[in-house]
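J.: Just add 1 to wherever you are in the sequence shown, counting from 1, and you've got my numbering.
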Amino acid sequence: MVRGMDFFKTYSRSSKDMTLEEHRELHVPAGKFLRHAIFGMNDGLVSVLALTAGLTGAYLSKNIVLIAGVTEMIAGAISMSLGTYISTKSQIEFYKREVKREKEDMERLPNLEKSHVREIYKDKGFSGVQLDKVVNKLTSNKSIWLDVLVNEELGLSSSKMENAFTAGTVMFFAFIFGSLIPLSSFFLLPLDIALKFAIFSSLGILFLAGAAKTHFTGRNWVKSGVEMVLIGALATTVAYYAGHLLSGIVSYLV
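1. Taking the alpha-carbon positions, what's the K97 to S91 distance?
2. What's the gap between the Cα of G58 and the Cα of I194?
3. Evaluate A38 with the Cβ neighbour count: other Cβ atoms within 10 Å of its Cβ, from every protein chain shown; 16 or more gives buried, anything less gives exposed.
4. Under a three-way DSSP split, which group does Y242 fall into?
5. So M74 and V49 are in contact, right, with Cβ under 8 Å, and what is the actual spacing, rounded?
6. Is the segment 60–68 in contact with the segment 213–232, if contact means three or more CB pairs nearer than 8 Å?
7. Within 10 angstroms of the Cβ of N142, are there 16 or more other Cβ atoms? Answer buried if so, exposed if not.
8. Mind checking K197: buried by the 16 CB within 10 Å criterion, or exposed?
9. With a floor of 4 residues, list each alpha helix (DSSP H) that falls wholly inside the segment 95–143, ordered by position along the chain.
10. Would you mind listing the beta strand (DSSP E) stretches within the segment 141–170 that are 3+ residues and don't spill past its ends, in chain order?
11. Under DSSP, the alpha helix (DSSP H) around S202 begins and ends at which residues?
12. CB-CB under 6 Å to L46, same chain, minus the five flanking residues each way: which ones, in chain order?
13. Where M162 and F95 are concerned, what is the direct C-alpha to C-alpha distance, given to the nearest angstrom?
14. Buried or exposed for F256, please, with buried defined as at least 16 other CB atoms from any protein chain shown within 10 angstroms of its CB.
15. Is the distance from the Cβ of L56 to the Cβ of A76 below 8 Å?
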């Protein structure tokens with residue numbers, strides 16, 4: 002148990018306290034898809050938990066709760082993965098278009114693009130002969146010149162680009178995984194016990210997910226875990242009482 006605490010403490014410390022090796026570990030390539038995995042799992046878990054809580058609060062049968070939960074899981078996973086794929090693909094297309102535009106400008110307006118590099122490094126504190134040397138050195142190689150314009154002027158980087166298919170796939174399976182956490186209780190337990198078990202197990206997983214993501218974000222693991230628990234608890238509570246209220250209203254009207 003102490004080891005687990007040490008793990009979270011290590012990656013919740015400020016950058017001043019970290020060793021060089023620990024700092025490098027925060028920038029592993031897998032971090033690109035962490036936000037999709039965390040967001041997908043969190044969204045799948047919270048949305049299905051809230052839905053099943055609402056339907057249980059409306060006194061509907063276990064079969065209806067299961068059918069609705071599974072339907073939400075499948076539809077949500079497809080929707081979220083396609084949305085992630087499209088948005089990531091659009092980001093890549095935007096990056097490629099901007100790189101192409103910079104290449105064309107370098108060919109058509111080399112002096113203007115050199116002046117952009119000069120302004121960038123002037124803002125960084127270079128001046129006089131030193132500035133001239135830096136600009137001449139960077140613009141002597143078109144590949145490096147282009148990288149400077151794209152990274153420094155436009156604020157874009159190829160290292161930040163994700164594979165659209167991989168991002169969508171990660172989102173799909175993360176959503177499914179998150180959805181199965183509350184749903185599994187309704188498959189295995191009676192309805193009156195299933196919701197309670199689903200809530201406690203889901204909130205526990207949310208806390209662990211919030212704490213684990215600090216391995217990459219550097220935030221305090223306790224605060225991050227509690228934050229995700231509060232979000233899940235709020236959504237579940239509102240959905241449960243909304244279902245309870247709507248059930249009463251419908252019964253009265255019908």
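Glycine included, every Cβ here is placed at the ideal spot set by N, Cα and C.
T.: Reading it off the structure:
1. 10 Å
2. The straight-line gap from Cα to Cα measures roughly 13 Å.
3. Per the 10 Å Cβ criterion, buried.
4. In the three-state DSSP reduction, Y242 falls in the helix class (H, G or I).
5. 6 Å
6. no
7. exposed
8. exposed
9. As far as the segment 95–143 is concerned, its whole alpha helix (DSSP H) runs of at least 4 residues are 111–124 and 129–140.
10. none
11. L192 to A213
12. G179, I182 and S203
13. 11 Å
14. Because the chain spans 2 through 255 in this model, residue 256 falls outside it and cannot be assessed.
15. The answer is no: Cβ separation not under 8 Å.
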